[in-house]
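For the working numbering, add 212 to where a residue sits in the sequence shown, where the first one is 1.
One structure is given here, and the rest of the page talks about it.
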Amino acid sequence: QLRLDPEEEWYRSMSRELSTIDGRRLRRERIAVEHTLARVGAIQGQRTRFRGRAKNQFELERVAVVNNLYILNRQAA
């Protein structure tokens, strides 16, 4: 018996999209966003540290500043 992943159709549509020039261009644009979100996750972690929206918003802004410093340091090198 063969079972397909529930997301199989999505995987196939992504594969078809990557086989076109426009699809590859769109994916390249998204890479910058994905890397930024990955960096935020690496710095902050996967869970919130505080209770309350204001404290967590401040924490996210702090992490964004740290991420920007990483980027500036990399560009200066």
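Even for Gly, the Cβ is constructed at its ideal location relative to N, Cα and C.
All figures in this text were calculated on a predicted structure; none of them were measured in a lab.
If you look at D217, you'll find it isn't in any alpha helix (DSSP H); DSSP assigns it neither H nor E.
The C-alpha of M226 is placed about 26 Å away from the C-alpha of Q213. In the three-state reduction of the DSSP assignment, T232 falls in the coil class, being assigned neither a helical nor a strand state. Taking C-beta atoms as the reference points, R261 and Y282 fail to come closer than 8 Å. Of all C-beta pairs linking the stretch 237-252 to the stretch 262-270, fewer than three are shorter than 8 Å, placing the two stretches out of contact. In this structure, DSSP gives R259 a state outside helix and strand, which the three-state scheme calls coil.
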